[in-house]
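Below you'll find the structure, written out as structure tokens, and then a few comments.
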Amino acid sequence: MFCGVKCRDQLESKSSGERISYKMMFPVFSVLLLVINQLFCFVSGAEFFSSIHEMTKVFGYEQKLLLHMQKFLGDNQEKLDFLKARLREFENERNEAREWGPAYFDSPINKYLLNKRLTVDWQRVENLMDASTGEKSLKRLRKLRNLKIMPNKKELEGAIDGVLRLQYVYRLEAKDLARGILDGVNYGNQLNSELCVDIARLALRDQHPRLAHSWLIEANGRLTGGEKEKELRPQILALLVQAKAELEDFRGLNDTYQELLKIQPASEQHAKNYESFLESLGEKALLNDSKPILEHAPIPEEGETVGEFQGYSLTCSGHWQLTPKEQRNLRCGYVTETHPFLWIAPLKAEELFHDPLLVLYHDVIYQSEIDVIRKLTNNRLSRARVTSHNESVVSNVRTSQFTFIPVTEHKVLATIDQRVADMTNMNMKYAEDHQFANYGIGGHYGQHMDWFSQTSVDAGLVSSPEMGNRIATVLFYLSDVAQGGGTAFPQLRQHLKPKKYAAAFWHNLHASGVGDVRTQHGACPIIAGSKWVQNRWIREIDQSDRRPCELWDDSLATYAQLLEAK
Ligand SMILES: O=C(O)CCC(=O)C(=O)O
Ligand SMILES: [Fe+2]
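Counting from 1, one number per residue, gives the positions in the sequence shown under the UniProt record's numbering.
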């Protein structure tokens, strides 16, 4: 019962009605949720740049920092006001004494006044000047700043890394980013020259000379004169030299060196660099024609070799897509066969790829269930890890927060699994614990395969290896994402925009059980908003009646490959 193209439109027009019918099955549950909602509040761990949830919290803490600072200023102002008043008082008394001349001390009262001033009053002044006013506020402020959740230098670098990733993946321009424009949407925040230099420095460190160059041009254009310009200009020029050298584009570099040497004639380092620059390039060093340096490498031609991260980026940015011809045989429609219950509430399925199978199911999770999940994950998120060199490590390949929750922890999780079984026709008995993840701005998960490689299994990094490999994945979208944050399958030329209540389903393995490299995928960086997903990873064991396995290695596409493998 598949219905041809324009899937999303057709399925969408029916979605709200169907969601109501599903919800009607759980009225008591919904009321319960409302109560639970009011009993809990969200709190969780550190690493704020990897989750918007954390950012909202530290933003709230900054308000408290402001209050402590205000109190500190108020206390110190009070102290200064008091001291100023004493100063005026003492000056007046002394002026009066001066007018009288030595006769002033004929009066015992005046003698007493001077003595009192020099003993009691000045002691008070001295004590007050000595007292560290506002200590309490300072202590509180320090305590807040030292909280584990507060961002540190590493986090700051993480945030810059996120900006650079957005720029690279979505081919954004530094001049727009610096004006707060993200993929055409203006968020109205300007970056000053100093911040642009910081970003450029990190871009250079992470081997993105094109991006670094664009930030340096921006930094230069944002100089505003004065001391700051004197400090920044030589930094910009020195970094420009570095960026151009890495790009092996030496045009105009002679002028840059000359200017640098003019501003900082005492720098031996600049002089030495210039000398070796002239020596190594000879005549070419004087080339000056200025063709602009491109901020992004040109889009590769069809058939050109492309790196894996580049392929992922091109899919995220929509440059890699299926052609209309390739899409022709993809269908969408209502699935009622896998369970009698589906006659009442059919599943809305959209085929995205046939081999390997990739399907998007619409409206397969409900707001009430998402509410429960948000409560369950509360306080449990921690920075996601990846496997690298046979170790599980925190990495900027995966900047999100996640947690695993066993199905036994809440009946909603079991209900979701029943639905997954209906969707996939798979045995959910051997699925892993439910994984929930939240990505913040710039958060992403670079290209990877969900199936385990033999090296991960051998290194003992796979939980319950006796349950076999991850035969299939179901990825629920628990939120929409304002901008970015899709799931990209570079080899299938598919980009799934997160759609709340939908779930993607794909087979990770060939029928023979060999991992399918074509299922490589990744979470594209978030430009704006926050993304929540839930992973159901289904294992191979006990699925043979659901997805019969092949005895020959069907990962080998051709007969020749098959022979070679023997
Ligand atoms: O968040 C996504 O879009 C993909 C997540 C993913 O691939 C994973 O968690 O393995
Ligand atoms: Fe994945």
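Ideal Cβ positions, reconstructed from N, Cα and C, are used throughout, including at glycine.
Please look up how many angstroms separate the CB atoms of residue i and residue j, rounded, as I've assumed it's under 8 angstroms.
i, j, result
"F476", "Q534", "4 angstroms"
"H444", "A503", "About 20 angstroms; that fails the 8 angstroms criterion."
"D537", "E409", "Looking at the sequence shown, residue 537 is not Asp but Trp. Going by Cβ atoms, the distance from W537 to E409 rounds to 17 angstroms, so no, they are not a contact pair."
"H521", "A488", "6 angstroms"
"F309", "Q494", "That belief does not hold up - the Cβ atoms of F309 and Q494 are roughly 17 angstroms apart, past 8 angstroms."
"E351", "G468", "Actually they are not in contact, since the Cβ atoms of E351 and G468 sit about 26 angstroms apart, beyond 8 angstroms."
"G490", "Q447", "Checking the displayed sequence, the identity of residue 490 turns out to be Pro instead of Gly. Confirmed, Cβ separation roughly 6 angstroms."
"C316", "G162", "Not a contact, Cβ separation roughly 14 angstroms."
"L128", "L83", "6 angstroms"
"A528", "V185", "7 angstroms"
"R117", "E91", "Rounded, the Cβ-Cβ distance is 11 angstroms, inconsistent with contact."
Within 6 angstroms: the Cβ of residue i and any heavy atom of ligand 2?
i, result
"D450", "yes"
Just to confirm, are residue i and residue j a CB contact at a threshold of 7 angstroms?
i, j, result
"C196", "E173", "no"
"D450", "N508", "yes"
"L65", "L144", "yes"
"A178", "L191", "yes"
"Q543", "D183", "no"
"R398", "A384", "yes"
"P209", "L240", "no"
"A349", "F402", "no"
"S456", "T387", "yes"
"V169", "S368", "no"
"N95", "Y104", "no"
"V474", "V407", "no"
"T119", "N76", "no"
"L260", "L237", "yes"
"S392", "L478", "no"
"A200", "L216", "yes"
"P346", "Y361", "no"
Under the three-state reduction of DSSP, which class applies to residue i: helix, strand or coil?
i, result
"G45", "In this prediction, G45 scores a pLDDT of 29, lower than 50, which makes its location untrustworthy; no coordinate-derived value is stated."
"F250", "coil"
"R98", "helix"
"F26", "Only weak support exists for where F26 lies, its pLDDT of 25 falling under 50; the value from the coordinates is given anyway. If DSSP states are grouped into helix, strand and coil, F26 belongs with coil."
"Q543", "coil"
"L39", "For L39, the predicted structure reports a pLDDT of 21, less than 50, and the residue's modelled location is therefore unreliable. The matter cannot be settled from this model."
"T399", "coil"
"S388", "strand"
"A511", "coil"
"V364", "coil"
"Y439", "strand"
"S464", "coil"
"H270", "helix"
"A212", "helix"
"W320", "coil"
"N329", "coil"
"V163", "helix"
"V306", "coil"
"D106", "helix"
"H410", "coil"
"E173", "coil"
"A131", "coil"
For a test of your reading of the model: does the CB of residue i fall under 6 angstroms from any non-hydrogen atom of ligand 1? Yes or no.
i, result
"T487", "yes"
"V533", "yes"
"Y445", "yes"
"A482", "no"
"A523", "yes"
Who does residue i pair with in a DSSP beta bridge?
i, result
"I538", "A431, A472"
"H448", "H521"
"Q483", "A528"
"E62", "None, per the DSSP bridge assignment."
"Q494", "F489"
"Y334", "K348"
"S382", "F402"
"W506", "L358, T473"
"V394", "R385"
"L182", "V185"
"V533", "A437, Y477"
"F82", "According to DSSP, which records beta bridges pairwise, F82 is partnered with nothing at all."
"F353", "L358"
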